[in-house]
Structure formats: C-alpha cells, structure tokens
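Take any residue in the sequence shown, note its place counting from 1, add 808, and you have its number in the working numbering.
Note that beta-carbon positions come from the ideal geometry of N, C-alpha and C, so glycine has one too.
In this text the structure is predicted, and so the values were computed from the model without any measurement.
One structure is given here, and the rest of the page talks about it.
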Amino acid sequence: MHKFLPHATLIGLASMLAACNTSGVYDDVPTNSSAGSSTNIASLTAVIDANPNDASAYSTRGIAYGQAGKLDKAVEDFNKALQLNPQSYQTYANRGLVYRRMGQNEQAVADYTRAINIKPDYDVAYVGRGNIYRQQGNYNAALADFNSVITRDSSDARAFYNRGLIYQAQNQHQRAIEDFATAIGLNPKASAPYIARGISYIAVNDPNAAFSDLSMAVNLDRDSAIAWANRGLAQEMLNNPKDARRSFTRAITLDNSNTIAREGLRRVGNG
C-alpha cells in the first residue's frame, strides 16, 4: 500500500464532497423531468386562468417553474399561493428550496421554519433547513434537525446521509460510515452515500472498502467526477497506479478543475 498520499489530500476530501451532486431521495422536492416543460407550464397556466383563486394550482406551477430553472417566476407563484392559503406548509418548503437554489439562505431558513411551525413533523422542511445549517458550518443546529427526522422516521435516507456528512466534516469517520451505510441500505440506488462512505474509508486508511464503494458509485453515476477522482485515490493507495491514472483522467475529463484528480495525475504521471 502506498504511504505517500499527502495528509492535506485526505483532509480535503470531506470539503470536496460538497461539490457532489445528489439526486432522487436526496432532493428536498421530488423531481420530474417533464414538469418544467413549456407544454406542462402552459397546461398549468390554463388551469390557473380557469381557477384564479386555486392556491394549489399556483403552487404546482411554481414547482414546474422551479424545474425549468425559472426561479423568479417560481417565487411569484409560491407568493400567490401563500396569499390564497397561508397555511400551506408544502408551499413554504417549496419556496424555501427555490430561495436556497437562488443563494438566499436566510429567506430559505425562514420559509422552512414557517413550514415546521405549521406542521412540526414535516421532515422535508427539517432536511432542507438542516442542509443549509450544515453548509453554513452550523453543525449543532443541523444535527438537531436531522436527529429530529431520524427520531420520528428511521427510514429517511436523506437524514442519515446528511448527518453522516456532518460527522465526516468533523473527522468522526466511523460514525459517518455507519450513517452512510444506513442511507445505502434504505436507498441502494443513490450514488451519493457510496461516494461519501468511500471518502471516509480513504480517511481511515481502508482503500479496499473505499474502492468497492467508489466503484459502485461510478456504476450508478458514470458522470461523477468526485467519484472517479476518489476511486483513483483508492487505486493509488492499493498500489495500482495504472488504474488510478485512468480514474483520475476520467475525472479530469468530466471536471477539469477537480483538484484531487489533478494532484493524483501529478503523482502517478500521465502514462
């Protein structure tokens, strides 16, 4: 096993994970590839024209605008929906997600909190708010939100995954590995927890387990530069520089700015 991996490389792994794209169960609002289509938005507009006081119609079109990337229009529709129905906790959470995507985290936290105040057991809002707290480094508040979800519903993969990311950022890798394992058990088709667990395995110097997880991750998501780069690290630690080079190169092809892959290629050479 190679011993020359820089300590800074291992320390930086958890922060690199922040660039990892999650999907499916890890999204705050379920996605639908056709929801943001112009045809769907047009049909929803027709519903609103016929029922201008229907709060749910505005909320549904707001989600569609969000899917289409028209975030300002999404906020407008959510605002209207909340004027018509100020007790819609789902709409507050949906608007909170849009604010989060717009980088307006204070507004997002406020909306998630409003949703929770209306429905204290609304897990979507806790996970959304917890994610913002986690990204801000407010780990105590984030842990409180994720623990709240886990206490109520031990089958919520998102809460375990995100709590694992906090433990990982705090270098509590064994606890992180346990949470990622639970998330994988609950949703084995999502690549994000395999990537995260693989990174923690690298941090605790278990490249065999890391390689297994990161190989599964690239099978689930062939376009994840983070997965390929860290798979290269595991292969490098296993003294397989040729295979590591392939993984690093694949990562660079997907994301030319990937620091882990660039540093890895400098160590193993370009062939």
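Please report the Cβ distance between residue i and residue j, rounded to the nearest whole angstrom; I am assuming they are in contact, meaning their Cβ atoms lie under 8 Å.
| i | j | result |
| --- | --- | --- |
| ASP1029 | SER999 | 4 Å |
| VAL1076 | ARG1053 | 5 Å |
| GLY870 | ALA889 | 6 Å |
| ALA1037 | TYR1002 | At roughly 14 Å, the Cβ-Cβ gap does not stay under 8 Å, so ALA1037 and TYR1002 are not in contact. |
| GLY1040 | GLY1072 | 5 Å |
| ALA1018 | ALA1035 | Rounded, the Cβ-Cβ distance is 11 Å, inconsistent with contact. |
| ASP987 | TYR1009 | Incorrect: roughly 14 Å between the Cβ atoms, too far for contact. |
| TYR897 | ALA923 | 4 Å |
Around the C-beta of residue i, are 16 or more other C-beta atoms found within 10 angstroms, so that it is buried, or is it exposed?
| i | result |
| --- | --- |
| THR990 | buried |
| ARG1074 | exposed |
| ASN948 | exposed |
| GLU914 | exposed |
| SER867 | buried |
| ILE1068 | buried |
| THR847 | exposed |
| ASN925 | exposed |
| ILE1060 | buried |
| THR839 | Residue confidence for THR839 is low, a pLDDT of 48 falling below 50, so the modelled location carries little weight and cannot support an answer. |
| ASP1021 | buried |
| GLN976 | buried |
| ARG850 | One point to set straight first is that residue 850 is Ala, not Arg, in the sequence displayed. With fewer than 16 other Cβ atoms within 10 Å, it is exposed. |
| GLN944 | exposed |
| ALA901 | buried |
| GLN978 | exposed |
| ALA984 | buried |
| GLN895 | exposed |
I'd like the list of long-range same chain contacts for residue i, defined as Cβ closer than 8 Å, with 5 residues on each side in sequence excluded.
| i | result |
| --- | --- |
| ARG960 | ASP929 and ASP931 |
| ASN859 | ALA865 |
| LEU825 | Any reading at LEU825 must be qualified, since the residue scores a pLDDT of 46, below 50, and its modelled position is unreliable; no value is offered. |
Residues in the same chain with beta-carbon distance under 7 Å from residue i, minus the five sequence neighbours each way, listed in chain order, please.
| i | result |
| --- | --- |
| VAL833 | Any reading at VAL833 needs caution, since the residue's pLDDT is 44, under 50, leaving its predicted position unreliable; the model's value is listed next. Only ALA965, ARG966, ASN995 and ALA998 meet the Cβ criterion. |
| ARG903 | VAL883, PHE886 and ASP919 |
| ASP1031 | LEU1062 |
| ARG909 | LEU879 |
| ARG942 | ALA950, ASN970, LEU973 and ILE974 |
| GLN891 | none |
Give the range of the alpha helix (DSSP H) segment to which residue i is assigned.
| i | result |
| --- | --- |
| LEU1046 | Note, LEU1046: premise wrong, no alpha helix (DSSP H); not H, not E. |
| ASN925 | 913-926 |
| LYS881 | 879-892 |
| ALA1004 | 1000-1011 |
| GLN943 | 931-943 |
| ARG908 | 897-909 |
| GLN976 | 965-977 |
| GLN875 | 863-875 |
| SER851 | 846-858 |
| ARG1030 | Neither: ARG1030 is in no alpha helix (DSSP H) and is coded neither H nor E. |
| GLY993 | 981-994 |
Excluding sequence positions up to five away, which residues of its chain have a Cβ less than 6 Å from the Cβ of residue i?
| i | result |
| --- | --- |
| ASP953 | TYR934, ARG937 and GLY938 |
| ASN893 | ALA863 |
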